[in-house]
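Presented below is the structure to which this report refers.
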Amino acid sequence: MTQMESEQIAPTTRPRLSADSPSIDSGRIAEVSLGTPREEIERRERVFHVDDLDVSYGDNLVLRDVSIDIFEHTVTAFIGPSGCGKSTFIRCFNRMNDLIPNARVTGTVEYHGRDLYARVVDPVEVRRRIGMVFQKPNPFPKSIYDNVAFGPRVLGTKHGLDERVERCLRRAALWDEVKNRLGDSALSLSGGQQQRLCIARALATEPDVLLMDEPASALDPIATAAIEDLMRELKRDYTIIVVTHNMQQAARVADLTAFFSVELGEDGVDRHGVLVEYDTTTKLFTQPADRRTEDYVTGRFG
Amino acid sequence: MSRRTKSRLFVAAMMLCLGVSFGTLAWLLVTTLIDGIPALSQQLFIDPPSTVAEEAGARPAILATVYLAALLLLMAVPVGVLTAIYLEEYARKERWYNRLLELNIQNLAAVPSIVYGILGLAFVVRGPVSVGRVLLAGAIILTLLVLPTVIIASREAIRAVPGSIRQGGYALGATKWQVVSRQVLPASIPGIATGSILALSRAVGETAPLLLIGALQYVAFDPTILGAFTALPVQIYTWVKLPDPAFQTLAAAGIIVLLAIVLSMNAIAIFLRNRYRQTW
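Heads up: the protein sequence lines correspond to chains W and B, in order.
Under this note's numbering, residues 1 to 302 are what the first sequence spells out, in order.
Under this note's numbering, residues 1 to 280 are what the second sequence spells out, in order.
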């Protein structure tokens, strides 16, 4: 995204978001080369192909008829008002919704062309390939080392653990801060460090996709900026999907952005999420095709 | 009445309640100690009971109580913890049989101990199991008695482990058992240990069910798991009933020993809890 475009967004969105957005944005946006044209992104390998996906909890339809493609080495952001099902949706990619007793997912989710919900697919294997970072940092009550080593250990890896732990902590830009106290409890780290530890932990299972569910919403501006730097850095090797309620964050890190909204059901009572618009972040924020997107990104609704 | 007065009145009321319970406890403790200390000698620990107060000890009863506590630990804790894990982590709450199970356990925790004694007499001592009036039968009955409490305490401890920890484990490709055994269980051990040992120390003081299944009032030999037995609370009960005041003193000494056993079990619970808290 160029400097000029970022200024088009800023005046309308900043007043709403000032509480959790760093003051360093405008400079930051300029130095990052987002704004890759859509045609170029679409030439990349398709990691996920979602078609006609419905998700319901019990009798309650949460998401209706979502179709989307996720491309390799791309940061894709899901934005939208609360209750639009974006967190539910991101959990479909690593089958975390399976853990909710009455959740039901119908439709197609293909991962590198293979049906993720096929009977023969083991959700445990899926989650190894597709890492996840949660909204609130959730380090295990163990040492920093054991946190990163947890994933490899449950997969039965015993050799080369030290190297792998170091490599992942370096990738998560945390190594220099913790290298002298790997045996300390992970709970002694600050919130931002904990979240980077959770990213390192997710990298340790050697996934190729990272799902991030509002990864910075519990963090201060400085820690948020660190996580965003990390996302831009990691997309060279990983495919990243991020849910965020912070539109500036989407503008700063995402190549593609999907806008979700809430729709009333036919009975006028049920509410469920739908995918309204999916395009390059630049296009979505500056020339949205749908009225609802425009209202949301300009701050008139949400 | 002003807000300040109300506030002070409330504090005064709390202090009164605290005073009543503390005072009663202290009074019991002091009178027991005064009564019992004269009889608290080596003889109490090495001699079997006797009809002559001067020669009487409680060695078989003390040993049996220690055996009972050990057997309880071996039987009640594994069964209780596994049941709690099933109910918290595996059971689907919307199934009727799981709800029934849950309701049942909660009700069983409130059943008077004498009822367990009757059950034990009918099913363990006689009836289907028929092990006879032996120490193992006593241990089985006490296990049944504390099981609901152990299950409830363990469930509380398991439930206190935040869901985000489980999610974190699953998201890294851990199986259900790996999440339970490497995250949930270690994190809940302090709570489980505390709850279980407190339940056991209550069971160790139980008298009624043991009397009912026929714990003997006089046992002059060391207990075995499959032999006749008495237990410390039963021994105390026996002594208290005797008219000779010398036996009352012995009973007080027995109470001191029982208290020491129970308090050291509680101390172990606190120690375990603190130790595990430190390692993380």
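Glycine included, C-beta positions come from ideal geometry on N, C-alpha and C.
Exercise. Along the segment 164 to 194 of chain B, what residues have a CB closer than 9 Å to any CB found in chain W?
Worked result: S164, I165, R166, Q167, G168, G169, Y170, A171, L172, G173, A174, T175, K176, Q178, V179, R182, Q183, P186 and A187
Problem set entry | Sequence-distant residues of the same chain with beta carbon closer than 7 Å to I90 (chain W), five excluded per side | F78, L211, D213, I241 and V243
Problem set entry | Residues of the segment 90 to 106 of chain B whose Cβ lies closer than 9 Å to any Cβ of chain W, in chain order | R92, K93 and E94
For this session: Name the residue from B:I268, B:T224, B:I270 and B:A220 whose alpha carbon lies nearest to the alpha carbon of F45 (chain B).
Result: B:A220
For this session: Mind reading off the beta-carbon distance from G80 (chain B) to L147 (chain B)? Whole number of angstroms is fine, and I expect it under 8 Å.
Result: 5 Å
Exercise. Taking Cβ-Cβ distances shorter than 7 Å, what residues in chain B pair up with L155 (chain W)?
Worked result: G173
Exercise. So is K142 (chain W) buried or exposed if we call it buried at 16+ other beta carbons inside 10 Å?
Worked result: buried
For this session: Count the other CB atoms, across all protein chains shown, that sit within 10 Å of the CB of L16 (chain B); report buried if there are 16 or more and exposed otherwise.
Result: exposed
For this session: Report all residues from its chain with a CB closer than 6 Å to the CB of S21 (chain W); omit the five preceding and five following residues, and keep chain order.
Result: Here the model assigns S21 (chain W) a pLDDT of 39, short of 50, so the residue's position is not dependable, and the following value carries that caveat. Only Q248 meet the Cβ criterion.
Exercise. So is P78 (chain B) buried or exposed if we call it buried at 16+ other beta carbons inside 10 Å?
Worked result: exposed
For this session: Consider the Cβ of E125 (chain W): report whether some Cβ of chain B lies at a distance smaller than 9 Å.
Result: yes
For this session: Identify whether V133 (chain W) lies in helix, strand or coil by the three-state DSSP scheme.
Result: strand
Exercise. Any idea if I24 (chain W) is buried or exposed, counting beta-carbon neighbours within 10 angstroms, 16 or more meaning buried?
Worked result: With a pLDDT of 39 at I24 (chain W), under the threshold of 50, the modelled position of this residue cannot be trusted; read the value that follows with caution. Exposed.
Problem set entry | Any C-beta of chain B under 9 Å from that of M132 (chain W) | yes
For this session: Could you tell me whether the Cβ of P48 (chain B) comes closer than 9 Å to any Cβ of chain W?
Result: no
Exercise. Span of the alpha helix (DSSP H) holding S82 (chain W)?
Worked result: Unbroken run through S82 (chain W): none, as it is neither H nor E.
Exercise. According to the Cβ coordinates, are T88 (chain W) and G273 (chain W) closer than 9 Å?
Worked result: yes
Problem set entry | Neighbourhood of L187 (chain W) by C-beta distance below 7 Å, restricted to the same chain and skipping five residues each side | P139 and P141
Exercise. Would you say P128 (chain B) faces chain W, with C-beta separation under 9 Å as the test?
Worked result: no
Problem set entry | chain B contact residues for M231 (chain W), given Cβ-Cβ distances below 9 Å | The contacting residues do not exist; M231 (chain W) stays about 17 Å from chain B at best.
For this session: Drop a sphere of 10 angstroms on the beta-carbon of A12 (chain B), count the other beta-carbons inside from all chains shown, and report buried for 16 or more, exposed for fewer.
Result: exposed
Exercise. Can you tell me whether DSSP reads N147 (chain W) as helix, strand or coil?
Worked result: helix
For this session: Indicate whether A137 (chain B) and V124 (chain B) have their beta-carbon atoms separated by less than 9 Å.
Result: yes
Problem set entry | Interface residues of the segment 272 to 300 of chain W facing chain B [CB-CB below 9 Å] | none
Problem set entry | Sequence-distant residues of the same chain with beta carbon closer than 6 Å to P123 (chain W), five excluded per side | R95 and D98
Exercise. Taking I144 (chain W) as the reference, which of W:E294, W:V178, W:L275 and W:Y238 has the closest Cα?
Worked result: W:V178
For this session: Could you spell out the range, first to last residue, of the beta strand (DSSP E) harbouring V240 (chain B)?
Result: Taken as a continuous stretch (DSSP letters only), V240 (chain B) belongs to no beta strand (DSSP E), being part of the alpha helix (DSSP H) at L232 to K241.
Exercise. What distance in whole Å lies between the Cβ atoms of A53 (chain B) and D244 (chain B), which are believed to be in contact at a cut-off of 8 Å?
Worked result: 6 Å
Problem set entry | Chain-ordered chain B contacts of M247 (chain W) [CB-CB under 7 Å] | Within chain B, no residue comes near M247 (chain W); the closest Cβ sits about 26 Å away, beyond 7 Å.
Exercise. Between which two residues does the alpha helix (DSSP H) containing G169 (chain B) stretch?
Worked result: G163 to A171
Exercise. What are the residues of the segment 86 to 103 of chain W that lie near chain B, defined by any Cβ-Cβ distance shorter than 7 Å?
Worked result: N94, M96, L99 and P101
Exercise. Does the ligand FMN have even one heavy atom less than 8 Å from the beta-carbon of E214 (chain W)?
Worked result: The ligand FMN is not among the ligands present in this structure, which contains no ligands whatsoever.
Exercise. Which of helix, strand or coil does DSSP assign to L303 (chain W)?
Worked result: Nothing in the structure corresponds to residue 303 (chain W), since chain W is present only between 1 and 302.
Exercise. Cβ of P209 (chain B) less than 9 Å from any chain W Cβ?
Worked result: no
Problem set entry | Cα-Cα separation, G80 (chain W) to P215 (chain W) | 15 Å
Exercise. Three or more beta-carbon pairs under 8 Å between the segment 195 to 208 of chain W and the segment 126 to 134 of chain W, yes or no?
Worked result: yes
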